[in-house]
Amino acid sequence: MKANRISLLLTLAVLLSLGSCKFIEKKGWFGKKKAAAEQAEQARRDSIRMADSLRIVEERRQAEQARLDSLQRIREYEEEMRARYKYHVVLGSFKVPGNADSYETVVGSEGYEVVRLYSPNDFHLVSALRYDNPRDAWKKVMEFRYEGRDAWVYVDE
126 MKANRISLLL
136 TLAVLLSLGS
146 CKFIEKKGWF
156 GKKKAAAEQA
166 EQARRDSIRM
176 ADSLRIVEER
186 RQAEQARLDS
196 LQRIREYEEE
206 MRARYKYHVV
216 LGSFKVPGNA
226 DSYETVVGSE
236 GYEVVRLYSP
246 NDFHLVSALR
256 YDNPRDAWKK
266 VMEFRYEGRD
276 AWVYVDE
């Protein structure tokens with residue numbers, strides 16, 4: 126019995142000498158698993174957040190690349206059309222852009238695929254038709270003139 130009392134007193138003395146739970150916490154004797162679990166959870170959340178950020182950046186980069194590719198295709202198409210169809214049947218020439226817009230609407234409502242050209246002397250040309258050879262272009266100009274409309278051929282170089 127005396128041995129039990131001595132061990133009980135020693136245990137009580139050790140516990141009282143430790144001070145408080147803060148001392149035990151500071152030493153890290155208890156609660157290590159909870160802290161490790163919290164750190165693991167925080168690391169998991171951070172990695173998910175980082176992965177989402179990287180995914181968003183990659184999606185934006187791909188969207189920007191797709192936009193640039195489409196702009197490049199448009200430029201290539203316009204260059205091809207300009208090189209292929211260099212003879213334009215022009216129905217109107219305007220200094221004021223608003224007048225060219227209005228006339229474009231009128232000619233477009235007649236069923237023509239209207240193209241606006243910009244001449245070197247700062248005129249806005251409203252072209253109704255495009256051809257790859259001058260003979261067809263002049264033939265169409267003569268048809269317009271026969272109808273009483275003013276038309277001419279503009280060579281886009």
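Going by my numbering, the sequence shown opens with residue 126, and the numbers climb by one from there.
By construction, the Cβ of each residue, glycine as well, lies at the ideal position given by its N, Cα and C atoms.
* Asked: Given F269, which residues of its chain have a CB within under 6 angstroms of its CB, disregarding the five upstream and five downstream residues?
  -> Here the set comprises A276.
* Asked: Hey, which unbroken runs of the beta strand (DSSP E) at 3 residues or more fall wholly within the region 192-269?
  -> 212-219, 240-243 and 249-256
* **Y279 - partner residues in DSSP beta bridges** => Bridge partners of Y279: H213.
* Three or more C-beta pairs below 8 angstroms linking the region 249-259 and the region 218-229 -> The region 249-259 is in contact with the region 218-229.
* State the DSSP-derived secondary structure class of E183, mapped to helix, strand or coil. => helix
* Express the C-alpha separation of R192 and R169 in angstroms, rounding to a whole number. => Roughly 35 angstroms between the two C-alpha positions.
* Y202 burial status per 10 Å Cβ neighbour count (16 or more: buried) -> exposed
* Asked: Out of D261, S178, P222 and E235, which has the shortest C-alpha to C-alpha gap to S244?
  -> For S244, the closest of D261, S178, P222 and E235 by C-alpha to C-alpha distance is P222.
* To do: Please say whether D281 and H213 have beta carbons closer to each other than 8 angstroms?
  => Going by beta carbons, H213 and D281 fall inside the 8 angstroms limit.
* Contacting residues, own chain, Cβ-Cβ under 8 angstroms from R241 (five flanking each side not counted) -> A225, E229, H249, L250, V251 and S252
* Asked: Exposed or buried, which one is A128 when buried takes at least 16 other CB atoms within 10 Å?
  -> Under this definition A128 is an exposed residue.
* Please state whether DSSP places R274 in a helix, a strand or coil. => coil
* Asked: My guess is that Y210 and R255 are in contact by the Cβ rule of under 8 angstroms, so how many angstroms apart are they, rounded?
  -> 4 angstroms
* **D171 versus A188: straight-line alpha-carbon distance, rounded** => 26 angstroms
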